[in-house]
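Chains as they are written, first to last, in the numbering used here: chain A, 6 to 98; chain B, 6 to 315.
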């Protein structure tokens with residue numbers, strides 16, 4: 006099973022279309038580095054993206070350099086996956 | 006000890022084998038109203054199974070519900086399973102559902118993307134596409150919600166096989182999509198189609214591929230509004246609603262556009278609840294509340310379909 010230790014999901018609320026375009030660029034420039042859970046649609050809707058641990062500094066730097074504020078929606082994806090597996094095992098028992 | 010559908014844990018996520026085993030038990034226990042139909046096989050040759058809820062008659066007007074076309078959206082499969090059980094338990098007690106089932110059949114495709122779902126359990130929890138492969142590319146999978154004929158290959162889909170929104174080589178190239186198209190087309194009397202996704206709390210109708218309003222836009226808008234209101238009353242969860250292209254973004258080759266263009270007027274897609282903390286990893290404790298509220302919206306759409314024959 007693929008390990009997601011340290012991967013984070015960032016939530017970004019773009020202020021305007023220009024900021025959204027920076028996120029769309031990210032989708033094109035770094036498709037293997039970013040997994041959009043909720044893609045850039047319109048400024049009123051948040052954008053959620055999972056960033057592999059190894060890419061975190063790079064992507065956060067990109068966001069900051071373009072004035073895109075973000076919050077960390079999930080700090081460590083693997084922690085949630087472990088909890089999910091444990092819950093399934095418990096239900097099975 | 007043999008498991009039965011009644012001992013199945015509806016408040017937990019399950020593997021494909023467990024779901025298929027549950028289907029067998031469920032059909033056996035409710036054989037008067039539920040049957041299982043094998044409509045095809047996935048790319049990796051897994052069975053594509055649908056449940057048929059019927060109180061008799063032949064080729065009645067029908068309602069289609071599918072869950073899990075994007076395999077990582079586990080809450081959708083779980084909601085589908087809960088909904089199936091709700092249909093059998095509510096028949097004869099809930100007058101609205103009883104009226105619906107006395108006139109129409111309901112079909113549920115619980116695991117629309119079985120290969121992707123099995124892969125999420127064995128290799129990559131966050132897998133979204135199917136598992137088809139083709140010569141000339143090392144990337145695997147097609148986004149099954151970009152592979153339908155309506156608007157195929159347009160904006161909001163991708164021709165790069167490595168993209169998460171890869172539309173595939175041709176419309177309905179994927180066996181998972183072709184199986185549904187063949188079944189619905191062959192049946193010929195579907196009046197509503199509901200495709201369930203997660204997670205951004207939306208109820209949407211066609212079009213995804215175009216900003217143009219569909220001819221039934223006003224009616225679909227009013228119905229979506231009513232359904233969202235019914236959903237809200239259960240646990241206070243707010244959904245936004247509208248056409249896909251206006252509410253979310255332009256997306257081509259999607260299920261509901263194909264349904265609408267194929268003559269199924271009441272074509273809707275849900276994005277189930279999001280707590281703003283978990284995304285696709287919604288805790289299992291939220292399966293039942295999610296299913297409960299979704300049921301009320303589905304029931305509203307089904308009731309409208311019953312009362313507005315066309």
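Glycine residues also receive a C-beta, built at the ideal position from the N, C-alpha and C atoms.
A quick note: this is a predicted structure, and the numbers were derived from the prediction, not measured.
Close beta carbons around residue i, own chain, < 7 Å, minus the five adjacent residues each side
i: residue 205 of chain B; result: 276, 279
i: residue 20 of chain B; result: 126
i: residue 116 of chain B; result: 21, 24, 73, 82, 122
i: residue 144 of chain B; result: 166, 167
i: residue 27 of chain A; result: 71, 73
i: residue 79 of chain A; result: 13, 14, 85
i: residue 264 of chain B; result: 198, 272
i: residue 20 of chain A; result: 48
Option in the options with minimal Cα separation from residue i
i: residue 403 of chain B; options: B:68, B:46, B:114, B:173; result: A question about residue 403 of chain B goes unanswered here, because the residues of chain B that appear run from 6 up to 315.
i: residue 130 of chain B; options: A:97, A:98, A:39, A:86; result: A:86
i: residue 178 of chain B; options: B:137, B:12, B:110; result: B:137
i: residue 80 of chain B; options: B:294, B:219, B:307, B:151; result: B:294
i: residue 85 of chain B; options: B:223, B:55, B:219; result: B:55
i: residue 181 of chain B; options: B:71, B:310, B:62; result: B:71
i: residue 39 of chain B; options: B:99, B:244, B:111, B:297; result: B:111
i: residue 241 of chain B; options: B:297, B:102, B:88; result: B:297
i: residue 3 of chain A; options: B:37, B:227, B:16; result: Past the edges of chain A, shown from 6 to 98, lies residue 3 of chain A, and the structure says nothing about it.
i: residue 189 of chain B; options: B:175, B:267, B:156, B:223; result: B:267
i: residue 200 of chain B; options: B:100, B:233, B:150, B:29; result: B:150
i: residue 156 of chain B; options: B:215, B:185, B:194; result: B:215
i: residue 5 of chain B; options: B:287, B:99, B:227, B:232; result: Residue 5 of chain B is absent from the structure shown; chain B starts at 6 and stops at 315.
i: residue 56 of chain A; options: A:69, A:46, A:42; result: A:42
i: residue 307 of chain B; options: B:176, B:225, B:281, B:94; result: B:225
Neighbour list for residue i in chain B, Cβ cutoff strictly below 9 Å
i: residue 52 of chain A; result: Residues of chain B passing the Cβ test: none, with the nearest at roughly 11 Å.
Cβ neighbours of residue i in the same chain (closer than 6 Å, five flanking residues each side left out)
i: residue 158 of chain B; result: 172
i: residue 213 of chain B; result: 249, 250, 256, 259, 262
i: residue 301 of chain B; result: 235, 236, 239
i: residue 18 of chain A; result: 51
i: residue 316 of chain B; result: Because chain B in this structure spans residues 6 to 315, residue 316 of chain B falls outside the shown range and cannot be described.
i: residue 10 of chain A; result: 83
i: residue 23 of chain A; result: none
i: residue 222 of chain B; result: none
Under 7 Å by beta carbon: chain A residues contacting residue i
i: residue 14 of chain B; result: 96
i: residue 205 of chain B; result: 43
i: residue 17 of chain B; result: 92, 93, 96
Residue i burial status per 10 Å Cβ neighbour count (16 or more: buried)
i: residue 290 of chain B; result: exposed
i: residue 75 of chain B; result: buried
i: residue 313 of chain B; result: exposed
i: residue 209 of chain B; result: buried
i: residue 6 of chain A; result: exposed
i: residue 88 of chain A; result: exposed
i: residue 6 of chain B; result: With a pLDDT of only 46 at residue 6 of chain B, under 50, the local geometry of the prediction cannot be trusted, and no value is derived from it.
i: residue 33 of chain A; result: exposed
i: residue 252 of chain B; result: buried
i: residue 270 of chain B; result: buried
i: residue 53 of chain A; result: buried
i: residue 43 of chain B; result: exposed
i: residue 162 of chain B; result: buried
i: residue 128 of chain B; result: exposed
i: residue 193 of chain B; result: exposed
i: residue 63 of chain A; result: exposed
i: residue 50 of chain B; result: exposed
i: residue 284 of chain B; result: buried
i: residue 170 of chain B; result: buried
i: residue 78 of chain B; result: buried
i: residue 30 of chain A; result: exposed
Listed by chain order, chain B residues near residue i by CB distance under 8 Å
i: residue 6 of chain A; result: 127, 128, 129, 130
i: residue 40 of chain A; result: 131, 169
Spatial neighbours of residue i in its chain, beta-carbon cut-off 8 Å, leaving aside the 5 residues before and after
i: residue 47 of chain B; result: 53, 118, 119, 120, 135, 136, 180, 181
i: residue 229 of chain B; result: 208, 209, 210, 246, 247, 273
i: residue 106 of chain B; result: 38, 58, 59, 60, 92, 96
i: residue 28 of chain B; result: 41, 54, 56, 115
i: residue 196 of chain B; result: 66, 67, 68, 109, 269, 270, 271, 310, 314, 315
i: residue 124 of chain B; result: 76, 132, 136
i: residue 97 of chain A; result: none
Chain A contact residues for residue i, given Cβ-Cβ distances below 9 Å
i: residue 282 of chain B; result: 78, 79
i: residue 184 of chain B; result: Within 9 Å Cβ-Cβ: nothing; residue 184 of chain B doesn't reach chain A, min ~27 Å.
Proximal chain A residues relative to residue i, where beta-carbon distance stays under 8 Å
i: residue 4 of chain B; result: Outside the shown range of chain B (6 to 315) lies residue 4 of chain B, about which nothing can therefore be said.
i: residue 289 of chain B; result: 89, 92, 93, 96
7 Å Cβ cut-off: residues of chain B touching residue i
i: residue 46 of chain A; result: 253, 254
beta-carbon residue i near the ligand SAH non-hydrogen atom, thresh 7 Å
i: residue 137 of chain B; result: Judged by which ligands are present, the structure shown has none, so any question about the ligand SAH falls away.
Length-filtered (3 minimum) beta strand (DSSP E) runs lying within the stretch 55 to 87 of chain A: 75 to 79
Completely contained alpha helix (DSSP H) runs for the stretch 12 to 37 of chain A, where each covers 4 or more residues: 22 to 34
Segments of 3+ residues assigned as beta strand (DSSP E) that fall wholly inside the stretch 65 to 105 of chain B: 67 to 72
Minimum length 3: unbroken beta strand (DSSP E) runs contained in the stretch 235 to 285 of chain B: 245 to 248, 271 to 277
The stretch 14 to 30 of chain A: positions lying closer than 7 Å to chain E by Cβ: The chain labelled as chain E is not found among the protein chains of the depicted structure, namely A and B.
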